[in-house]
Amino acid sequence: MRAIATQNLTKTYGKHRGISQVDLEVQEGERYGFIGPNGAGKSTTIKLLLGFLFPTAGTARIFGKDCVKSSDTIKRVTAYVPSEVRYYRNLTARQIMKTALNFHKMRWDSLADELIDQFAIEADKKMEEFSLGNKKKVAIAAALVTCPGLLILDEPTSGLDPLMQKTLFDVLQKRNETGMTVFMSSHNLAEVEQFCQKAAFIKEGKLIEVAKLSHQEREGKIFSVACPELTREALEGCGAQIISQEESAWRFVYRGEMSGILGLLSHYNIQDLTVRNIDLEDKFLSYYESGEGK
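Just so we're aligned, residue 1 is where the sequence shown starts under full-length UniProt numbering, counting upward by one.
Pasting the structure below:
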């Protein structure tokens, strides 16, 4: 079953673009990253999935249920951790977790105590005494305590120290192994690449690629070449996707047969050359610096 499925999902704000014809497909049990710069449409997409916004066109479904028509049902099987957490100042962490449990008609049990211990939460302390990072920990615990089928995270590690970031992903990994789907939006490419199985790239409101992260090494090589005579026309004519160029230094992605690009470079006086597997940061830069995907 697909945990998330959108078809031609579109949202406009008057004359302003939100997202346009976004087709997402997240299988149940997947760990899925959602990547793009500020203003690309990540938050709009998440709000549409959660029923916080209505689409201008297209559809969104979670576990087969329409996100508009079945919003209440979807909320019973979905949990959400926003990038910025806000709570009433006088509530304690324990009260917030109990409220989440009550919404799902669940009781406080050993899992709640376990989450408090794992995330080092001072359960009876009021929110007005919590730092932003500690509020984020409470939000994560309140989401996980309900045992959601789908967990949606927006910048999940913002405000967390490195040790707590590791704890978070350890907990998410264990939950995922029991079937929980994780959909996370993040600016931290390293954490997406390390944790997620797939990642969707969104740019200017449009989905431009879905990458299988476990197969990055099959998707091309990143070249760094120093050569005064090399030209953009020669590289692009060979199928290279240029990332950057500064004086005689070129960085580009090549996905074809190695004999093709090496044959081209053999005709030039190369001063320096390095080649490595493409990673998520390279893909990000190739899309958002070179203009690909427009």
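Every residue gets a Cβ at the ideal spot worked out from N, C-alpha and C, and that includes glycine.
Taking 8 Å as the threshold (C-beta atoms), are Leu153 and Val171 in contact? In the sequence shown, counting from the first residue as 1, residue 171 sits at position 171. In the sequence shown, counting from the first residue as 1, residue 153 sits at position 153. Not a contact, by the Cβ cut-off of 8 Å.
Looking only at C-alpha atoms, which of Leu207, Arg276, Gly149, Val138 sits nearest to Met97? Residue 97 sits at position 97 when you count from the first residue of the sequence shown. Ranking the options by Cα distance to Met97, first place goes to Val138.
Runs of alpha helix (DSSP H) lying entirely within the stretch 68-127, each at least 4 residues, in chain order: 71-75, 93-103, 110-118
Please state whether DSSP places Phe223 in a helix, a strand or coil. Position 223 of the sequence shown, counted from the start, is the residue given in the question as residue 223. Looking at Phe223 - three-state DSSP - the assignment turns out to be strand.
Around the C-beta of Trp250, are 16 or more other C-beta atoms found within 10 angstroms, so that it is buried, or is it exposed? In the sequence shown, residue 250 corresponds to position 250, counting from 1. Trp250 should be labelled buried.
Separation of Ile35 from Thr274, as counted between CA atoms: As a working mapping, residue 274 is identified with position 274 in the sequence shown. As a working mapping, residue 35 is identified with position 35 in the sequence shown. Near 27 Å, if we compare the C-alpha coordinates of Ile35 and Thr274.
Could you tell me the alpha carbon to alpha carbon distance between Arg76 and Arg2, rounded to whole angstroms? The residue labelled residue 76 in the question sits at position 76 within the sequence shown. The residue labelled residue 2 in the question sits at position 2 within the sequence shown. Going by the C-alpha atoms only, they are around 17 Å apart.
Measuring only the C-alpha atoms, how far is Lys136 from Asp117? For the purposes of this step, residue 136 is taken as the residue at position 136 of the sequence shown. For the purposes of this step, residue 117 is taken as the residue at position 117 of the sequence shown. About 15 Å.
Any idea if Lys15 is buried or exposed, counting beta-carbon neighbours within 10 angstroms, 16 or more meaning buried? For this step, residue 15 is matched to residue 15 along the sequence shown. Per the 10 Å Cβ criterion, exposed.
Reducing DSSP to helix, strand and coil, say where residue 297 ends up. As displayed, the chain neither begins before 1 nor continues past 294, which places residue 297 out of reach and without an answer.
In terms of DSSP beta bridges, what is His16 paired with? By one-based count along the sequence shown, residue 16 stands at place 16. Per DSSP, Tyr13.
According to DSSP, residues forming a beta bridge with Glu177: For this step, residue 177 is matched to residue 177 along the sequence shown. DSSP, once it has assigned bridges, lists no residue as partnering Glu177.
Among Lys203, Lys221, Leu264, whose alpha-carbon lies nearest the alpha-carbon of Arg17? Stepping through the sequence shown from its first residue, residue 17 is reached at position 17. It is Lys203 whose Cα lies nearest to the Cα of Arg17.
Check whether Val253 and Gln241 have beta carbons under 8 Å apart: As a first step, residue 253 is located in the sequence shown; it is residue number 253 there, counting from the start. As a first step, residue 241 is located in the sequence shown; it is residue number 241 there, counting from the start. Yes; because the gap between Cβ atoms is below 8 Å, this pair is in contact.
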